[in-house]
Ligand SMILES: Nc1ncnc2c1ncn2[C@@H]1O[C@H](COP(=O)(O)OP(=O)(O)OP(=O)(O)O)[C@@H](O)[C@H]1O
Ligand SMILES: [Mg+2]
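Numbering (this note's numbering), first residue to last: 18 to 256.
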C-alpha cells in the first residue's frame, strides 16, 4: 500500500534572499498510515508556511508531495483540499449566519449538508448554546475558531492541518477540541499535523513530533522519545 502522505525534499526560498537563502529546505517525512503528529518549533521557522504548502494554498520552490501515491501537482486544488484540509489560527468567517458558514463546504463540493453530523460536532466543541441564525462575523475569536474547525470537519478530510487552532480558547474548550480530534482519529482514522506552542498539548494529542529548527526538520521521533530526551535539555522550552 502507498503511504498516506509523503513529503520529499521540500524547500521554500526566503523572500528576502539577502537575509537568508531559504526559509526551510529538504524537509522529508513520510506518514505511512493515519497518525497524530505535533509540529513544533520556534516562531518564524515556517510551520504555518509548510502547512499552507501541504494544503496547496502556497507554492513550493523544490520538492514533491504525495497523498496516497498521487503527486500534488497532478491533483486539482479543490479535490486536494477535500482530503487535506488546513485550519488557520485566525479563523475567517464567510458573510452570513453560522448556518451559512457550516453549509459552505457542502455547497462548494456539491455534497448534501449533513446537519446531524454538524449538530453533533458543534455540541462536542462546546457550542451547542449558539443560535445558528446569528451572524458569524459577530462571534468571539474562540467561537469563530471552533466554527471554522467544524466547517472543515464537515468535509470529512483524511488529513487535517491544524495551525494553533486552540490558541484563543479557554482550558475547558481547548480540552473539548483535543478530545474530539483524538476521537476522530481513533474512530474515523482522520490523521492530523497540529502546530502548537503548547508543550502539554503536544504531549496529550500526538504520537509523533516533527520539530523544525534552523530551516530543517531537525527531529521526527515518537512523542515520548522527544520529550524524554529533552527533559534535561535547555532546548526543551524553545517551542
Ligand atoms: N517565502 C516565504 N513564505 C512565507 N514566509 C516567509 C517566506 N520567506 C520568508 N518568510 C518569513 O518567514 C516567517 C515564516 O512564518 P510562518 O508563519 O510560516 O512561521 P511559523 O513557524 O508558523 O511561526 P509562528 O510560530 O510565529 O506562527 C515569517 O517571518 C515570514 O515573513
Ligand atoms: Mg504559524
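Every residue gets a Cβ at the ideal spot worked out from N, C-alpha and C, and that includes glycine.
1. Going by Cα to Cα distance, which pick from 94, 176, 184 and 92 is closest to residue 48?
2. Within this structure, are the beta carbons of residue 41 and residue 229 separated by less than 8 Å?
3. Are residue 44 and residue 234 close, meaning C-beta to C-beta below 8 Å?
4. To the nearest whole angstrom, what separates the beta carbons of residue 185 and residue 159, a pair I think is in contact under 8 Å?
5. Does the region 102-122 come into contact with the region 186-196, if we say contact requires no fewer than three beta-carbon pairs (one atom in each stretch) closer than 8 Å?
6. Which residues bound the alpha helix (DSSP H) around residue 220?
7. Smallest Cα separation from residue 244: which of 31, 55 and 39?
8. Less than 8 Å between the C-beta atoms of residue 212 and residue 165, yes or no?
9. In the structure shown, what three-state DSSP assignment does residue 38 receive?
10. Strictly by DSSP, which residues pair up with residue 230?
11. Helix, strand or coil, according to DSSP, for residue 91 in the structure here?
12. With distance defined between alpha-carbon atoms, name the residue in 225, 232 and 77 nearest to residue 51.
13. Give every residue whose Cβ lies closer than 5 Å to any heavy atom of ligand 4, listed in chain order.
14. So which of 171, 183 and 215 has the shortest CA-CA distance to residue 201?
15. For residue 243, does the three-state DSSP call read helix, strand or coil?
16. Work out the CA separation of residue 27 and residue 77 for me, nearest whole Å.
17. Of all the beta strand (DSSP E) runs that stay within the bounds of the region 134-204, which reach a length of 3 or more residues?
18. State yes or no: is the C-beta of residue 104 nearer than 7 Å to some heavy atom of ligand 2?
Straight from the coordinates:
1. Looking up residue 48 in the chain shown gives position 31. The shortest Cα separation from residue 48 among 94, 176, 184 and 92 belongs to 176.
2. For the purposes of this step, residue 41 is taken as the residue at position 24 of the chain shown. For the purposes of this step, residue 229 is taken as the residue at position 212 of the chain shown. Yes, these two residues count as a Cβ contact at 8 Å.
3. The sequence position of residue 44 within the chain shown is 27, counting from 1. The sequence position of residue 234 within the chain shown is 217, counting from 1. Yes, the Cβ-Cβ distance between residue 44 and residue 234 is below 8 Å.
4. For the purposes of this step, residue 185 is taken as residue 168 along the chain shown, with counting starting at 1. For the purposes of this step, residue 159 is taken as residue 142 along the chain shown, with counting starting at 1. Going by Cβ atoms, the distance from residue 185 to residue 159 rounds to 5 Å, so yes, they are a contact pair.
5. no
6. Here residue 220 is taken as the residue at index 203 of the chain shown, counted from 1. Taken as a continuous stretch (DSSP letters only), the alpha helix (DSSP H) holding residue 220 covers 216-222.
7. Translated into the one-based positions of the chain shown, residue 244 becomes position 227. Distances from the CA of residue 244 to each of 31, 55 and 39 were compared; the closest alpha carbon is that of 55.
8. Position 195 of the chain shown, counted from the first residue, corresponds to residue 212. Position 148 of the chain shown, counted from the first residue, corresponds to residue 165. Result no, Cβ atoms of residue 212 and residue 165 do not sit closer than 8 Å.
9. Indexing the chain shown from 1 puts residue 38 at position 21. Residue state, collapsed to three classes: coil.
10. To locate residue 230, count along the chain shown from 1; it is residue 213. BP columns for residue 230 point to 233.
11. Taking the first residue of the chain shown as position 1, residue 91 is located at position 74. Residue 91 falls in the helix class under three-state DSSP.
12. The residue given as residue 51 occupies position 34 in the chain shown. Relative to residue 51, the option among 225, 232 and 77 whose CA is nearest is 225.
13. In terms of ligand content, the structure shown lacks ligand 4 and carries ligand 1 and ligand 2 instead.
14. Mapped onto the chain shown, residue 201 falls at position 184. When only C-alpha atoms are compared, the closest one is 171.
15. Taking the first residue of the chain shown as position 1, residue 243 is located at position 226. Shown here, residue 243 sits in a helix according to DSSP, grouped into three states.
16. What you label residue 77 is simply residue 60 of the chain shown in a count that begins at 1. What you label residue 27 is simply residue 10 of the chain shown in a count that begins at 1. For residue 77 and residue 27, the distance between alpha carbons rounds to 7 Å.
17. 176-180
18. For the purposes of this step, residue 104 is taken as the residue at position 87 of the chain shown. No, the Cβ of residue 104 stays beyond 7 Å of every heavy atom of ligand 2.
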